[in-house]
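Trainee:
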Ligand code: HEA
Ligand code: HEA
Ligand code: CUA
Ligand SMILES: [Cu+2]
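Chains as they are written, first to last, in the working numbering: chain A, 13 to 241; chain B, 2 to 348; chain C, 155 to 267; chain D, 16 to 558.
1) If residue 5 of chain A sits next to residue 138 of chain A, beta carbons under 8 Å apart, how far is it from one beta carbon to the other, in whole angstroms?
2) For residue 468 of chain D, collect the residues of the same chain with a Cβ closer than 7 Å to its Cβ; drop the 5 residues on either side in sequence, then sort them by chain order.
3) Taking only three categories from DSSP, how would you classify residue 1 of chain D?
4) Relative to chain D, which residues along the segment 59 to 88 of chain A have a C-beta separation below 9 Å, given in chain order?
5) What residues from the segment 228 to 253 of chain C come within 7 Å of chain D, judged by C-beta to C-beta, listed N to C?
6) Count the other CB atoms within 10 Å of the CB of residue 313 of chain B; is the residue buried (16 or more) or exposed (fewer)?
7) Sorted by chain position, which residues of the same chain lie with C-beta nearer than 7 Å to residue 215 of chain A's C-beta, five sequence neighbours on each side aside?
8) Compute the Euclidean distance between the alpha carbons of residue 198 of chain A and residue 219 of chain A, then round it to the nearest angstrom.
9) Alpha carbon to alpha carbon, how far is residue 323 of chain B from residue 101 of chain B?
10) Using a Cβ cut-off of 8 Å, pull out every chain G residue sitting near residue 139 of chain A, in sequence order please.
11) Less than 7 Å between the CB of residue 410 of chain D and some heavy atom of ligand 4, yes or no?
12) Our contact map puts residue 29 of chain B next to residue 395 of chain D with C-beta atoms below 8 Å; I'd like the distance itself, whole angstroms only.
13) Looking at ligand 3, does it come within less than 7 Å of residue 49 of chain D, judged from the CB to the closest heavy atom?
14) By alpha-carbon positions, which one of A:126, A:140, A:51 ends up nearest to residue 180 of chain A?
15) For ligand 3, which residues count as neighbours when the test is a C-beta closer than 5 Å to any heavy atom?
16) In the DSSP assignment, find the alpha helix (DSSP H) that holds residue 27 of chain B and state where it starts and stops.
17) With DSSP run on the structure shown, which of helix, strand or coil describes residue 326 of chain B?
18) Let me know if residue 389 of chain D comes out buried or exposed under the rule of 16 or more other beta-carbons within 10 Å of its beta-carbon.
19) Using only the alpha-carbon positions, how far apart do residue 455 of chain D and residue 449 of chain D sit?
20) Measuring CB to CB, does residue 387 of chain D end up less than 8 Å from residue 408 of chain D?
21) Let me check you understand the geometry: is the CB of residue 293 of chain B closer than 7 Å to at least one non-hydrogen atom of ligand 1?
22) Tell me whether residue 164 of chain C, by its Cβ, gets closer than 7 Å to a heavy atom of ligand 4.
23) How would you list, in chain order, the residues of chain A whose beta-carbon sits under 8 Å from the beta-carbon of residue 171 of chain C?
24) Can you tell me the Cα-Cα spacing of residue 483 of chain D and residue 123 of chain D, whole angstroms?
25) Please report the distance separating the alpha-carbon of residue 277 of chain B from that of residue 97 of chain D.
26) Give me the residue from D:515, D:362, D:399 with the minimum Cα distance to residue 437 of chain D.
27) If you compare alpha carbons, which of A:103, A:116, A:192 is closest to residue 170 of chain C?
28) Grab me the residues of residue 326 of chain D's own chain with a C-beta within less than 8 Å of its C-beta, minus the 5 sequence neighbours each way, in chain order.
29) Return the CA-CA distance between residue 496 of chain D and residue 445 of chain D, expressed in angstroms with no decimal places.
30) Relative to chain A, which residues along the segment 247 to 261 of chain B have a C-beta separation below 8 Å, given in chain order?
31) Between the alpha carbons of residue 320 of chain B and residue 239 of chain B, how many angstroms are there, rounded?
32) Tell me whether residue 262 of chain B is buried or exposed, calling it buried when 16 or more other Cβ atoms sit within 10 Å of its Cβ.
33) Tell me which residues share the same chain as residue 328 of chain D and place their Cβ nearer than 7 Å to its Cβ, disregarding the 5 neighbours each side in the sequence.
34) Give a single yes or no on whether residue 268 of chain B has its beta carbon closer than 7 Å to a heavy atom of ligand 1.
35) Check whether the segment 204 to 219 of chain D touches the segment 529 to 545 of chain D, taking contact to mean three or more Cβ pairs, one atom from each stretch, closer than 8 Å.
36) Going by DSSP, which residues form a beta bridge with residue 370 of chain D?
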């Protein structure tokens with residue numbers, strides 16, 4: 013496959029501006045940033061991992077109660093949100109590509125599109141949360157006792173809590189991500205990025221995709237499994 | 002000076018061993034300690050000898066040495082083999098600690114901030130005091146009303162956490178009559194240090210005497226029967242003619258078919274759950290939400306009484322085939338004593 | 155260390171995007187089919203494929219150094235360790251209490267038969 | 016040391032270094048120089064150590080009499096805050112955030128850590144966490160023990176659990192960032208020629224520590240978050256009353272906190288490798304094995320956490336697995352102990368203060384580690400869990416091990432950090448006091464523990480008094496042993512003789528630059544051409 017490769021370091025004048033004093037070369041700086049970002053993502057994997065482990069334990073402990081909770085999940089909204097996030101991932105990676113090609117207009121366009129998708133996701137999530145609130149399915153704050161399946165009243169509470177905890181943490185990451193994108197947008201507007209310097213776009217892109225991956229697991233686990241029963 | 006000498010002479014350095022467990026755990030403890038001392042001596046000797054012999058006064062010029070794979074392998078594999086012995090030995094004791102003999106007499110313990118409540122099959126109750134006969138395996142079934150506690154008798158070298166929401170068990174066979182400490186060893190709040198008591202190990206005859214003294218309220222099962230009637234369990238579970246509720250006769254220790262297709266054994270934990278969270282496991286052929294939830298209304302102690310009663314509704318099976326179940330529960334106050342002669346005869 | 159960054163082709167990216175959307179539809183569709191315990195397996199398998207696609211192409215793991223790949227694998231491995239060992243407790247807890255066909259030792263709970 | 020004579024104070028007094036290059040509090044609080052951040056950390060963790068130590072002194076006073084001198088409430092808050100402060104605000108950052116922060120860039124031949132601003136951020140997070148913890152103390156403290164076990168911490172405790180938990184949470188992120196920085200620095204910032212097999216063992220061990228920090232700490236963060244939710248809203252996740260499982264909390268907690276005990280020992284092991292080799296004037300015996308054992312510890316540390324839960328009701332089969340895995344993690348520690356000892360063989364040993372601490376470390380860590388085997392053995396853990404035996408075990412490894420290593424490292428690199436020597440006689444005296452005080456404090460606790468005295472008791476049966484008095488007496492000696500170095504270290508800042516580049520005649524990049532170093536450490540990037548610990552040509556290969 014033909015891969016376009018742009019060697020960094022062809023235009024030294026630009027580089028020096030962004031080379032921090034303690035690095036020898038821009039390549040070293042870029043490598044360090046990439047490795048640092050991936051290391052950070054590993055911590056994120058384990059952070060969410062704690063919740064996934066709790067989820068796995070309780071799901072296995074209370075299978076039926078679990079099945080009952082997924083009947084309250086809105087598969088349409090959840091599915092739409094999955095698609096929205098996947099689209100945002102596409103626009104994000106296109107934004108990175110635009111930055112790599114020094115295409116400022118495309119960069120700005122795709123950043124804005126990514127943010128729009130991100131916001132759309134949050135809005136849809138907001139509607140879902142609202143529906144849960146109305147139905148009294150928010151443990152600890154507004155819990156109406158799970159009257160339709162009183163036999164699961166206790167255990168469903170735990171599982172709904174995990175739902176809110178996991179999607180809430182995910183949403184929080186989205187909010188942070190949108191903040192970071194705003195920062196990128198400003199920088200892009202100021203013509204900071206070009207083919208020689210686009211590390212921030214790439215790093216924040218990694219973060220954004222990671223958040224997408226989390227959702228890719230949340231969607232089937234919370235919405236799909238057992239929702240028919 | 003003299004006073005401090007006296008204190009030192011009185012210093013207890015090693016706990017009494019008053020149970021069968023204590024002996025075997027001590028043996029392992031000394032084994033590990035001996036290995037530890039040996040290894041410590043080797044390391045210290047090595048350090049000392051090298052420090053002296055190769056002190057820069059005596060040995061001003063160091064010889065540079067790369068290392069030695071053979072040595073490295075020796076001192077990683079050899080210690081590991083020794084540790085494997087510790088593991089195997091320890092695993093054996095651990096397994097035994099978790100498998101009480103079938104003829105163990107059963108006593109019930111409820112931990113609560115900050116006291117231990119003890120219930121005997123004959124209905125006697127005590128707080129922060131446990132009486133057991135010499136030579137008889139005793140199994141404790143333990144529950145907690147609130148937080149995690151841990152039931153510990155150092156002289157017996159037994160200990161197990163008491164988790165809220167579970168039954169935990171431990172067992173021992175006391176070997177030495179005496180008066181021993183009973184501690185809570187899992188931090189449980191302000192008076193954690195006050196959650197202590199005494200274990201009295203009595204000769205079988207004394208124990209029989211002691212046992213015949215108490216129990217004015219009837220046996221555990223009888224107390225359970227009262228509760229069974231007071232809480233309205235009987236209306237459903239014994240008198241119900243419409244088949245809305247399962248009949249509890251002969252339930253204990255039998256497999257139960259659940260509505261979700263699983264089969265469970267109706268042991269203590271299952272019955273406890275059936276009372277405190279009836280919807281957790283629905284018996285096949287019955288409806289959820291019929292049986293009221295008794296959480297918060299029935300204490301762990303009462304649950305123990307109810308279980309004893311439900312047990313007593315089962316015809317006793319021959320001893321060889323019973324699990325932890327034991328006949329005395331069904332019968333009258335002297336039940337606890339009835340089990341003893343057999344136990345004592347072993348010694 | 156490599157001193158260049160890989161620029162993916164738009165077509166590749168769009169194809170991956172299409173695959174992801176299709177997979178989302180598929181996993182939703184499959185969830186309406188009764189497969190018993192297989193439902194969760196299928197759902198997770200699809201999720202793993204989707205996540206791998208995102209990581210491999212969008213995040214560019216494919217084009218990175220083997221060190222980065224090692225780190226990614228390590229992160230997942232550790233997640234696996236946590237879930238597996240935790241589960242080993244929950245899964246085997248009942249073994250002591252419910253006598254197994256292969257065990258004749260005295261259980262902590264009642265014996266069968 | 017002989018090399019002391021080579022220094023030329025008049026010249027060095029004029030030299031610009033990282034300390035005098037800028038002045039004013041702003042130049043410190045906004046610095047991104049890893050060395051200045053290390054100094055900030057030294058000051059802050061020392062403060063926290065004394066706060067935690069003061070609490071230990073207070074509750075040791077309480078334990079002088081069987082009934083206890085304070086109320087149960089006070090006692091419980093004292094030991095909980097002692098554990099929390101000592102673990103999360105002293106020992107976890109102790110060597111990594113101070114010595115390693117200072118030395119790793121220099122040792123690998125770099126100008127700074129990979130992410131200097133993140134390094135500063137990590138200090139601020141630490142301070143924020145510490146302030147939260149102090150706030151909890153000031154408001155009345157927390158009484159859950161450092162382990163925060165549910166459901167006590169979520170439902171029953173009416174102390175300042177949330178403030179303390181968020182403090183730990185915040186400090187956790189500081190620890191993650193430190194670890195992340197180390198990992199990237201070691202991978203990407205090594206000078207030309209500084210191959211992995213030439214890295215000083217101190218770098219190896221801190222790299223391994225970094226892995227644990229990065230892989231483990233996030234789980235602590237989420238666990239504390241779940242705990243906080245449970246406490247605030249009673250959602251039931253750890254509440255047995257509605258089907259939550261308190262044991263799950265323990266799984267999640269120990270998934271971090273067991274590896275964390277190796278965060279609290281690996282950097283110390285690195286320090287000891289440096290010191291032993293320097294004062295034996297000899298390359299370390301079996302470099303590869305020592306380096307590799309750090310990595311083995313880091314990896315295996317993640318699969319043994321269940322040994323804290325043997326008698327909680329954890330499955331017996333899991334207990335078996337965790338037990339054997341615990342023995343496996345002990346093997347790499349054994350390798351290290353043997354190699355340090357073997358390093359002295361045919362060396363040329365001298366007994367400067369750092370070496371005294373190294374001796375203390377090896378001896379006390381061995382004892383602490385071996386008693387860890389009593390605990391890892393299933394049968395004997397039944398008899399020792401929850402007693403002072405455990406307390407003695409972990410103080411032997413944490414105080415006898417890591418704090419000794421920290422002290423040793425501070426003495427070893429003090430000349431590099433400050434450019435001054437500390438007073439030799441006083442420092443040897445203090446080391447001796449620490450050693451005696453330590454053993455007097457904690458050895459009796461092994462005996463107490465097997466006698467059955469439970470930990471976290473504010474009052475105890477009278478027959479335990481004698482041993483407790485011994486232990487309290489030891490603690491006061493130990494306290495003095497820690498105060499003396501404080502005094503002479505501060506004294507030496509102004510009055511200590513100038514140290515020169517390399518007072519110990521040690522090998523290693525950090526000894527080839529001036530003391531204190533300049534802001535960018537090296538005038539030009541060094542090119543490394545030799546192995547670590549090159550104290551002379553190789554003369555012998557054993558075996
Ligand atoms: C720095 C911290 C540190 C370190 C390094 C260790 C090291 C070890 N620890 Fe420790 N531990 C703690 C800190 C630490 N621990 C803390 C804080 C607690 C209590 C937490 C709480 O509840 O509050 C605890 C509790 C604890 C328990 C739980 C006890 C209980 O609550 O019931 C166990 C059980 O297995 C254990 C085991 C071990 C083992 C096997 C090692 C091993 O890594 C040790 C390995 C070292 C050696 C073995 C010595 C050197 C080897 C040789 C000289 C070779 C020769 C050996 C042979 C031939 C056998 N520890
Ligand atoms: C990580 C490090 C660490 C360190 C360094 C220490 C240091 C010490 N610890 Fe700590 N300890 C823990 C970690 C640590 N501890 C943990 C994790 C627990 C478990 C908590 C729990 O159960 O939740 C514990 C519990 C614990 C207990 C058990 C409490 C109980 O269970 O009831 C005891 C009892 O003796 C104790 C004693 C000491 C002593 C005497 C020191 C000494 O080494 C301290 C020496 C320092 C000083 C003495 C301070 C310096 C001197 C001064 C400030 C001058 C004195 C000034 C005046 C008196 C005015 N500790
Ligand atoms: Cu109950 Cu401690
Ligand atoms: Cu541990």
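Quick reminder that beta carbons are idealized off the backbone N, C-alpha and C, glycines included.
Mentor: On the basis of the data shown:
1) Look at the range of chain A in this structure, 13 to 241, and you will see that residue 5 of chain A is not part of it.
2) Mapped onto the fourth chain, residue 468 of chain D falls at position 453. 402, 403, 475, 479.
3) What is shown of chain D runs 16 to 558, which leaves residue 1 of chain D out entirely.
4) 59, 60, 61, 62, 63, 65, 66, 69, 70, 73, 74, 77
5) Listed in chain order, the positions of the segment 228 to 253 of chain C with a beta carbon within less than 7 Å of a beta carbon of chain D are 232, 235, 236, 239, 240, 242, 243, 246, 247, 249, 250.
6) Here residue 313 of chain B corresponds to residue number 312 of the second chain, with the count starting at 1. It counts as buried.
7) Position 203 of the first chain, counted from the first residue, corresponds to residue 215 of chain A. Excluding positions up to five away in sequence, the list reads 45, 49.
8) Against the first chain, residue 198 of chain A aligns to sequence position 186. Against the first chain, residue 219 of chain A aligns to sequence position 207. If you take the alpha carbons of residue 198 of chain A and residue 219 of chain A, they lie about 18 Å apart.
9) The sequence position of residue 323 of chain B within the second chain is 322, counting from 1. The sequence position of residue 101 of chain B within the second chain is 100, counting from 1. Interpretation of residue 323 of chain B is limited by its pLDDT of 37, a score under 50 that renders its predicted location unreliable; no figure is taken from the coordinates.
10) The question asks about chain G, but that chain is absent: this structure's protein chains are A, B, C and D.
11) In the fourth chain, the residue the question calls residue 410 of chain D occupies position 395. It does not: the Cβ of residue 410 of chain D is nowhere closer than 7 Å to a heavy atom of ligand 4.
12) For this step, residue 29 of chain B is matched to residue 28 along the second chain. For this step, residue 395 of chain D is matched to residue 380 along the fourth chain. With a Cβ gap of about 6 Å, residue 29 of chain B and residue 395 of chain D count as contacting.
13) Mapped onto the fourth chain, residue 49 of chain D falls at position 34. Residue 49 of chain D: no, Cβ never under 7 Å from ligand 3.
14) Locating residue 180 of chain A in the first chain gives position 168, counting from the first residue. Distance check between residue 180 of chain A and each of A:126, A:140, A:51 places A:140 closest, using alpha-carbon atoms only.
15) A residue is listed when its beta-carbon falls short of 5 Å from at least one non-hydrogen atom of ligand 3; in chain order these are B:150, B:185, B:189, B:193, B:196.
16) Here residue 27 of chain B refers to the residue found at position 26 of the second chain. Element bounds for residue 27 of chain B: 21 to 54.
17) Position 325 of the second chain, counted from the first residue, corresponds to residue 326 of chain B. Per-residue confidence for residue 326 of chain B stands at a pLDDT of 37, beneath the threshold of 50, marking its modelled position as unreliable; no derived number is given.
18) In the fourth chain, counting from the first residue as 1, residue 389 of chain D sits at position 374. The residue is buried, with at least 16 neighbouring Cβ atoms inside 10 Å.
19) As a first step, residue 455 of chain D must be located in the fourth chain, where it is residue number 440. As a first step, residue 449 of chain D must be located in the fourth chain, where it is residue number 434. So the alpha carbons of these two residues sit roughly 10 Å apart.
20) Counting from one through the fourth chain, the residue named residue 387 of chain D turns up at place 372. Counting from one through the fourth chain, the residue named residue 408 of chain D turns up at place 393. It is a contact, given that the beta carbons lie within the stated cut-off.
21) The residue labelled residue 293 of chain B in the question sits at position 292 within the second chain. Incorrect: residue 293 of chain B has no Cβ contact closer than 7 Å to ligand 1.
22) Along the third chain, one-based indexing puts residue 164 of chain C at 10. Result no, Cβ not under 7 Å from ligand 4.
23) Working through the third chain from its first residue, we reach residue 171 of chain C at position 17. 98, 99, 101, 102, listed in chain order.
24) Position 468 of the fourth chain, counted from the start, is the residue given in the question as residue 483 of chain D. Position 108 of the fourth chain, counted from the start, is the residue given in the question as residue 123 of chain D. One C-alpha to the other measures close to 47 Å.
25) In the second chain, residue 277 of chain B corresponds to position 276, counting from 1. In the fourth chain, residue 97 of chain D corresponds to position 82, counting from 1. When rounded, the distance between both Cα atoms is 39 Å.
26) In the fourth chain, the residue the question calls residue 437 of chain D occupies position 422. Closest by alpha carbon: D:515.
27) The sequence position of residue 170 of chain C within the third chain is 16, counting from 1. Measuring from the Cα of residue 170 of chain C, the nearest candidate turns out to be A:103.
28) If you number the fourth chain from 1, residue 326 of chain D lands on position 311. Only 396, 397, 400 meet the Cβ criterion.
29) For the purposes of this step, residue 496 of chain D is taken as the residue at position 481 of the fourth chain. For the purposes of this step, residue 445 of chain D is taken as the residue at position 430 of the fourth chain. In a straight line, the C-alpha of residue 496 of chain D is about 5 Å away from that of residue 445 of chain D.
30) 261
31) Within the second chain, numbered from 1, the residue matching residue 320 of chain B stands at position 319. Within the second chain, numbered from 1, the residue matching residue 239 of chain B stands at position 238. Per-residue confidence for residue 320 of chain B stands at a pLDDT of 37, beneath the threshold of 50, marking its modelled position as unreliable; the derived number appears in the next sentence. C-alpha separation (whole angstroms): 27 Å.
32) Residue 262 of chain B sits at position 261 when you count from the first residue of the second chain. Counting other Cβ atoms within 10 Å of its Cβ, residue 262 of chain B stays below 16 and is therefore classed as exposed.
33) As a first step, residue 328 of chain D is located in the fourth chain; it is residue number 313 there, counting from the start. So the list reads 262, once near-sequence residues are dropped.
34) Looking up residue 268 of chain B in the second chain gives position 267. No; taking the cut-off as 7 Å, the Cβ of residue 268 of chain B has no heavy atom of ligand 1 nearer than that.
35) yes
36) By 1-based counting over the fourth chain, the position of residue 370 of chain D is 355. In the DSSP output, where bridge partners are listed per residue, residue 370 of chain D has none listed.
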